[in-house]
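Peer 1:
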Amino acid sequence: MSQHVVSPKIYVVILLALLLGTYLTVSAALRDFGPWNIVIALAIATTKATLVVLYFMHARYSPKRTQLVIVCAVFWLVLLLGLTLSDYAMRSPARSQLVFPACSESTQA
Amino acid sequence: MHRTGELYGQFETLEQQKDSATLGMWIFLVTEVLFFGGLFLTYSINRHLYFTAFGVGGNMLDLRLGATNTVVLIASSFTMAMSVWAAQTSRKKLLPIFLLLTLILGFVFLGIKYVEYKQKFDHHLVPGHSFDLTYRINHPGPGDDAKELAAEREEIAGALRTEAPGGPQEALTALNAHAQLYFSLYFGMTGLHALHMVVGAGLLVWVLRESLKGRFSAAYNTPIEIVGLYWHFVDIVWIYLFALLYLINRHAV
Amino acid sequence: MSEEFTLPNHKTPHEHYLNATYGIRSWLLTTDHKRIALLYLASVTFFFFVGGIFATMIRIHLLTPSGTLVTPENYNKLFTMHGVAMIFFFLIPSIPAVLGNFLIPLMIGAKDLAFPKVNLLSWYIYLIGGCFVLYSFGTGGLDTGWTFYTPLSSIYSNSAVTPAVIGIFINGFSSILTGLNFIVTIHTMRAPGMTWFRLPLFVWAHYATSIVMILGTPVVAITLLLAGLERMFHLGFFNPALGGDPILFQHLFWFYSHPAVYIMILPSMGVVSEIIPTLARKPIFGYSFIAGSSIAIAVIGFLVWAHHMFVTGQSTYAALTFSFLSYLVAIPSAVKVFNWTATLYKGSISWDTPMIYALGFIGLFLIGGLTGLFLACLGLDIHVHDTYFVVAHFHYIMVGGAVMGYLGGLHFWWPKITGKLYPESLSRLAAIILFIGFNLTFFPQFILGYLGMPRRYHSYPPEFQVLNVLSTAGASILALGYLLPMVYFVWSMRYGPAASTNPWPATGLEWKTASPPPTENFEVTPVVDWEPYDYRNRPDLGLVAGGRLAPTHGDD
Numbered sequence: 003m004s005q006h007v008v009s010p011k012i013y014v015v016i017l018l019a020l021l022l023g024t025y026l027t028v029s030a031a032l033r034d035f036g037p038w039n040i041v042i043a044l045a046i047a048t049t050k051a052t053l054v055v056l057y058f059m060h061a062r063y064s065p066k067r068t069q070l071v072i073v074c075a076v077f078w079l080v081l082l083l084g085l086t087l088s089d090y091a092m093r094s095p096a097r098s099q100l101v102f103p104a105c106s107e108s109t110q111a
Numbered sequence: 005m006h007r008t009g010e011l012y013g014q015f016e017t018l019e020q021q022k023d024s025a026t027l028g029m030w031i032f033l034v035t036e037v038l039f040f041g042g043l044f045l046t047y048s049i050n051r052h053l054y055f056t057a058f059g060v061g062g063n064m065l066d067l068r069l070g071a072t073n074t075v076v077l078i079a080s081s082f083t084m085a086m087s088v089w090a091a092q093t094s095r096k097k098l099l100p101i102f103l104l105l106t107l108i109l110g111f112v113f114l115g116i117k118y119v120e121y122k123q124k125f126d127h128h129l130v131p132g133h134s135f136d137l138t139y140r141i142n143h144p145g146p147g148d149d150a151k152e153l154a155a156e157r158e159e160i161a162g163a164l165r166t167e168a169p170g171g172p173q174e175a176l177t178a179l180n181a182h183a184q185l186y187f188s189l190y191f192g193m194t195g196l197h198a199l200h201m202v203v204g205a206g207l208l209v210w211v212l213r214e215s216l217k218g219r220f221s222a223a224y225n226t227p228i229e230i231v232g233l234y235w236h237f238v239d240i241v242w243i244y245l246f247a248l249l250y251l252i253n254r255h256a257v
Numbered sequence: 002m003s004e005e006f007t008l009p010n011h012k013t014p015h016e017h018y019l020n021a022t023y024g025i026r027s028w029l030l031t032t033d034h035k036r037i038a039l040l041y042l043a044s045v046t047f048f049f050f051v052g053g054i055f056a057t058m059i060r061i062h063l064l065t066p067s068g069t070l071v072t073p074e075n076y077n078k079l080f081t082m083h084g085v086a087m088i089f090f091f092l093i094p095s096i097p098a099v100l101g102n103f104l105i106p107l108m109i110g111a112k113d114l115a116f117p118k119v120n121l122l123s124w125y126i127y128l129i130g131g132c133f134v135l136y137s138f139g140t141g142g143l144d145t146g147w148t149f150y151t152p153l154s155s156i157y158s159n160s161a162v163t164p165a166v167i168g169i170f171i172n173g174f175s176s177i178l179t180g181l182n183f184i185v186t187i188h189t190m191r192a193p194g195m196t197w198f199r200l201p202l203f204v205w206a207h208y209a210t211s212i213v214m215i216l217g218t219p220v221v222a223i224t225l226l227l228a229g230l231e232r233m234f235h236l237g238f239f240n241p242a243l244g245g246d247p248i249l250f251q252h253l254f255w256f257y258s259h260p261a262v263y264i265m266i267l268p269s270m271g272v273v274s275e276i277i278p279t280l281a282r283k284p285i286f287g288y289s290f291i292a293g294s295s296i297a298i299a300v301i302g303f304l305v306w307a308h309h310m311f312v313t314g315q316s317t318y319a320a321l322t323f324s325f326l327s328y329l330v331a332i333p334s335a336v337k338v339f340n341w342t343a344t345l346y347k348g349s350i351s352w353d354t355p356m357i358y359a360l361g362f363i364g365l366f367l368i369g370g371l372t373g374l375f376l377a378c379l380g381l382d383i384h385v386h387d388t389y390f391v392v393a394h395f396h397y398i399m400v401g402g403a404v405m406g407y408l409g410g411l412h413f414w415w416p417k418i419t420g421k422l423y424p425e426s427l428s429r430l431a432a433i434i435l436f437i438g439f440n441l442t443f444f445p446q447f448i449l450g451y452l453g454m455p456r457r458y459h460s461y462p463p464e465f466q467v468l469n470v471l472s473t474a475g476a477s478i479l480a481l482g483y484l485l486p487m488v489y490f491v492w493s494m495r496y497g498p499a500a501s502t503n504p505w506p507a508t509g510l511e512w513k514t515a516s517p518p519p520t521e522n523f524e525v526t527p528v529v530d531w532e533p534y535d536y537r538n539r540p541d542l543g544l545v546a547g548g549r550l551a552p553t554h555g556d557d
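Chains A, B and C, in that order, give the protein sequences.
Under the numbering used here, think of the first position of the first sequence as 3, with each following residue one higher.
Under the numbering used here, think of the first position of the second sequence as 5, with each following residue one higher.
Under the numbering used here, think of the first position of the third sequence as 2, with each following residue one higher.
(1) How about the segment 314 to 330 of chain C and the segment 392 to 401 of chain C: do they share at least three Cβ pairs that are nearer than 8 Å?
(2) List the residues of chain A that Y318 of chain C touches, going by C-beta distances under 8 Å, in chain order.
(3) Any idea if R68 of chain B is buried or exposed, counting beta-carbon neighbours within 10 angstroms, 16 or more meaning buried?
(4) State the DSSP-derived secondary structure class of L544 of chain C, mapped to helix, strand or coil.
(5) Cutting at 8 Å between CB atoms, please list the residues of its own chain near L267 of chain C, excluding the five before and the five after it.
(6) So, is E158 of chain B buried or exposed, given that buried needs 16 or more other C-beta atoms within 10 angstroms?
(7) Less than 7 Å between C-beta atoms, sequence neighbours within five positions excluded: which residues of the same chain meet that for H182 of chain B?
(8) What did DSSP end up calling T148 of chain C once you bin it into helix, strand or coil?
(9) Please check if any C-beta of chain A sits within less than 8 Å of the C-beta of L216 of chain C.
(10) Give me the subset of the segment 184 to 203 of chain B whose CB atoms are less than 9 Å from a CB atom of chain C, sorted by chain position.
(11) Answer with buried or exposed for L245 of chain B, where buried requires no fewer than 16 other C-beta atoms within 10 angstroms of its C-beta.
(12) Does DSSP classify T93 of chain B as helix, strand or coil?
(13) Since S1 of chain A is in the alpha helix (DSSP H), which residue starts that stretch and which ends it?
(14) For D530 of chain C, return the contacting residues in chain B, with the cut-off set at a CB-CB distance below 7 Å.
(15) DSSP state of Q14 of chain B, grouped into three classes?
(16) Suppose the cutoff is 7 Å on Cβ atoms and the five residues either side in sequence are ignored; what does the same chain contact list for I276 of chain C look like?
(17) Skipping 5 residues on each side, what residues in its chain have a beta carbon closer than 6 Å to that of P486 of chain C?
(18) Just list the residues that DSSP pairs R539 of chain C with in beta bridges.
(19) Could you check whether the Cβ of W38 of chain A sits closer than 8 Å to any Cβ belonging to chain B?
(20) Do you know offhand how far D126 of chain B's Cα is from V202 of chain B's?
(21) Mapping the DSSP letters down to three states, classify T226 of chain B as helix, strand or coil.
(22) Are the segment 226 to 242 of chain C and the segment 184 to 203 of chain B touching, with three or more C-beta to C-beta distances below 8 Å?
(23) Determine the DSSP secondary structure at A161 of chain C, reduced to helix, strand or coil.
(24) Is the segment 411 to 428 of chain C touching the segment 491 to 510 of chain C in the sense that three or more CB pairs, one from each, lie closer than 8 Å?
(25) Note down, in chain order, every chain B residue with its Cβ under 7 Å from the Cβ of D34 of chain A.
(26) Could you give the DSSP three-state label for N20 of chain C: helix, strand or coil?
(27) From what residue to what residue does the alpha helix (DSSP H) around D33 of chain C run?
(28) Could you give the first and the last residue of the continuous alpha helix (DSSP H) run that contains F390 of chain C?
(29) Is the beta carbon of G302 of chain C less than 8 Å from the beta carbon of V391 of chain C?
(30) Whose C-alpha, out of A:T68, A:A91, A:L56, is nearest the C-alpha of V1 of chain A?
(31) Looking at the secondary structure, which residues open and close the alpha helix (DSSP H) in which S472 of chain C lies?
(32) Taking only beta-carbon atoms, is L81 of chain A less than 8 Å away from chain C?
(33) Does P172 of chain B come within less than 8 Å of chain C when only Cβ atoms are used?
(34) May I ask which residues mark the beginning and end of the alpha helix (DSSP H) holding I266 of chain C?
(35) On a Cα-Cα basis, can you pick out the residue from C:G180, C:L19, C:A161, C:P260 that is closest to R232 of chain C?
(36) Return the CA-CA distance between V99 of chain C and L33 of chain B, expressed in angstroms with no decimal places.
The structure is reproduced here in C-alpha cells:
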C-alpha cells in the first residue's frame, strides 16, 4: 500500500487548531454557561480528538477498512455509555414500583 | 531474531506485513477505547450523582499545570507526526530529533504529573484513611495563596449546605465520601493514562535507537507509524481527561 | 481416485509439524500456530478437569436435600470456582485457541497467523492468569459466584477474591490478543483467490467471535480492575455506604459477559457449519445467510446485556427495550438452525462421530436457545430468574451446544491434527453416552427451576430430591462420555491407523495438505478458484451430483 505523505504544513495548521481549542476550552470553563459548560467542553474535546485522528493518525488518508475500525470503536463506546446512562436516566423510585408492584412492600421494610 | 525491515516468514510481501502491523495497532487501539470507556462510564455516572462534590474536587486540581500538560501533549503529538513525515521522506538525520523531542515532551508531562500527584498527597487528597477535603484550608502551607484558600473555603461551605440533610458532621462525611469517589477516579484515570505514557516512552526509546542506526526510510517506516498511532491515542485520552477532570465547575471560583 | 476409499495403507508423511523439531524448548518457544494450538489443548483440558471436579462435588452434594458433602460457605465456593474455571479458562479459549489457531491459517491458505509471537504470548498470558486463579482456589477459594457481584466481591467476601480477579484480568488479554490476531490474519493473509465469500463458515464464525473479544473483553478488564482496587484500597465505586452503586458493576460486568456467551457459542456454530455439509455431502444451504448471521449475532449480542438485570429495579422502558432486543438476537441463531436443517434435507448423511455431535448440537442448542426466549420474556423471567431454569438454559447452550461443538470439531479434524484415526465405533458410543448423560443431567433442572428451586443454594426442600438425584446420575454418565474421548484420543496418537490427507472427504483447503501438515502448511501457496462446499462437483473426491456418493471415511 503506498503511503500517503502528509505535508508538515497541514500538521502545523492542526497543531495551531489544537492549541486554539485548548485556549477556548479553558476560557469557556471560566465563564458560567450553566448546563452548557459540559456540552461546550466535550464538543471542543471531540473536535480536537477528531483532528488528531483524521490528520495526525492519517485516518483521512487511510483505507476504508481503517475508517470502519474507527467508526466501530466510537459506535461501541457510545453504545456502552448511552445504553447504560439511559437506564440510569429512566430510573426513579416511582417507576420501580410500576414494574414490580410486588416488591413495593419489601422496599418499605 | 529478525532485524527491523526484514520480511517475517509468515508474510508473502513487505506490503502485507505493513498492512498487518497497521491494522493490528488500530485494533489494539479499539480495545484501549473500550478499556478507558468503562472508566469514563463510571466517571459520568458518579459526576451526575455527585456534581457538587466533583466540582469541589475538580477545583482542587491545578488548572495551570493541567493546561500546560495539555499543551505539552499536543506539542508531542505534533513532533510525533513530524517524525512519521521525516521517516516517510527518508530524512534520516531529522527523524531522531523529532523522536527525541516527542520523548522529552513525554517526560515533561510525566514530571508535571508527578508534581501534581505530590501536591495531592501533601494536601491529604489521596483516597484512603487520611483523606480529608478540608486539610488544606485547615492547615495552610507557606506557598498557599490566601485568596485561593478563601475561595476554597467558601466552596466547601457551599457544598456542605447542598450535600446531605442532617447535621454538618453528616454533610462533611458525605462530602468527603463523594469527593473520594472523584479523587479515586482522578488517580485511576490519570494513573492509567500515565502508565500508558510510560509504555509509550519505552516504545519511543526503542524506535529512537533504531532510527539512530538509520533503519527507517521511505521504503520502511512501519514501526514509526504504529508507535505514532499509539502515541496519538494517548494524547486523545488526555484531551478528554483534561476536559472532564479539570474543567467541571471552574467558573464558580 | 477411488483408491482413497479402499482399505488404505496410509502412511504418515515423513516430516510434519509434530516431528520437525524436537525437545521441550521447541514446543515452549514455538511460534507455529499448530503447535500453539496443541499447547492450548493441553491447558484447556486441564482446566476442564478442574471445573469438572467442582461440578462433580456440586452434584454429589446435591444428592440430599440438606447437603452433607460441604458446608454452606464451601458450597458457595464450589459453584463459583466451577463457573470461573469453566467459563474463563475452558469455554472461552477452547475452540478459538485450539481449533481456530490450528485451522484458520490452513483454511485461508496462509503459512501462519499474522502475529505468531503474539500467539505464543497469548498462551503464556493465559497460563499466568490461570496460575493466579489456581492460587486463589488453593488459598481459600472464591465464593462470590463467577459474576463477582459487588459489594460481596469488593468488600464483604472473605475468600481469595483479589488473586482471582487479577488472574481473570490477565487472562482477558490472552483473549484480546487471540481475537486481534484472527481479525488481522483473516483480513490480510488470505491466499490469492480466497475472497470473503469463499471463506469457510468456520472462519466467518471466528471473525465474528474475534469482534466480540476485541470489543467486550476490555470492559470486563476495567470492571474487574475497579472491583479489585475497591477491595484493596477500600474505594467506593460499587459500595452504597460510600455513595457507590452495585448496579454500575452489573452494567459494566454484563456488557462483556453477555457477548461472552456469544464468544462461547459462535465458534461451535462454525464447527457445525463445516461438519454438516461434509457428512451430508451437500453444499451448505444459504452460505451468505450463515456468514451474515454470525456477524449479526456478534453485533446484536452487545445490545441485550441488561436482560441479566431485569430484577434490579430497571424502569419499564429499559426492561422492554432489552427484552425486545433479546428476542431479536435469537433470529440470526434461528437462521443458522434452519440452514443446517435445509442442508441435511436430501443429503447423504453418514453417522460418523462428528455428525452425531453436530446433530446433537442442533437439537440441544435449539432447546437452550428457546428457553433463552422464555427468560427474555419479562413476566416469565420474574418467576424463573435465579432458579435452576436459568442453570439448565445456559448448560444446554454451553455444554449441549458449545462443548458438543468442540468435541465434534476435535473428532472432525483429529485426523488432520495428528495424522491418526480414532476408533470409530467407540467414538460413536461415547457420543451417544454423552448425549444421554447430558440430557439426564440437565433436563430435570428445567423442571426444578420451574418448580422454584433457586440456584446457588446449598440445600433444597425434600420434594426436589428425586429430580436432583436424576441430575446427579446423569452427571456420572456425562462424565463417562467425556472421559472416553480423552482415553481413545491419547490411544490413537500411538496406536491409531494413519489417516489419509482427506479421509471424510471434505472440500476445505486444510484437507489439501498432508495429515499432519508440514510446518509451513502448504508446499506451494494455493490459488483458490472454486466455491466453498461444492460437494456436488468434486469428481476428484468422488463427489458428483447424481453420481454414487462416497461412503464414510476410508478407514474401515
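Even glycine gets a Cβ: it sits at the ideal position worked out from N, Cα and C.
Peer 2: Let me lay it out:
(1) no
(2) M92
(3) exposed
(4) strand
(5) Sequence-distant partners of L267 of chain C (beyond 5 residues in either direction) whose C-beta falls short of 8 Å from its own C-beta, in its chain, are A206, H207, A209, T210, V213, S295, I298, A299.
(6) exposed
(7) Once the five neighbours on either side are set aside, the close Cβ partners of H182 of chain B are Y54, A57.
(8) In this structure, DSSP gives T148 of chain C a state outside helix and strand, which the three-state scheme calls coil.
(9) L216 of chain C counts as touching chain A.
(10) Q184, L185, S188, L189, G192, L196
(11) buried
(12) coil
(13) Since the first residue of chain A shown is 3 and the last is 111, residue 1 of chain A is not available in this structure.
(14) Within 7 Å Cβ-Cβ: nothing; D530 of chain C doesn't reach chain B, min ~18 Å.
(15) coil
(16) P355, M356, A359, G409, F413
(17) A431
(18) C:L544
(19) For W38 of chain A, the closest Cβ of chain B is not nearer than 8 Å.
(20) 24 Å
(21) helix
(22) yes
(23) coil
(24) Cβ pair count under 8 Å is three or more, so yes.
(25) Going along chain B in sequence order, the residues near D34 of chain A (Cβ under 7 Å) are H255.
(26) coil
(27) Careful: D33 of chain C lies outside any alpha helix (DSSP H) and carries neither H nor E.
(28) 389 to 396
(29) Not a contact, by the Cβ cut-off of 8 Å.
(30) Residue numbering for chain A in the displayed model covers 3 to 111; residue 1 of chain A lies beyond these limits and cannot be assessed.
(31) 466 to 496
(32) Closer than 8 Å to some Cβ of chain C, the Cβ of L81 of chain A qualifies, so yes.
(33) Not a single CB atom of chain C sits nearer than 8 Å to the CB of P172 of chain B.
(34) Here the alpha helix (DSSP H) through I266 of chain C covers 247 to 281.
(35) Of the residues C:G180, C:L19, C:A161, C:P260, the one whose Cα lies closest to the Cα of R232 of chain C is C:A161.
(36) 26 Å
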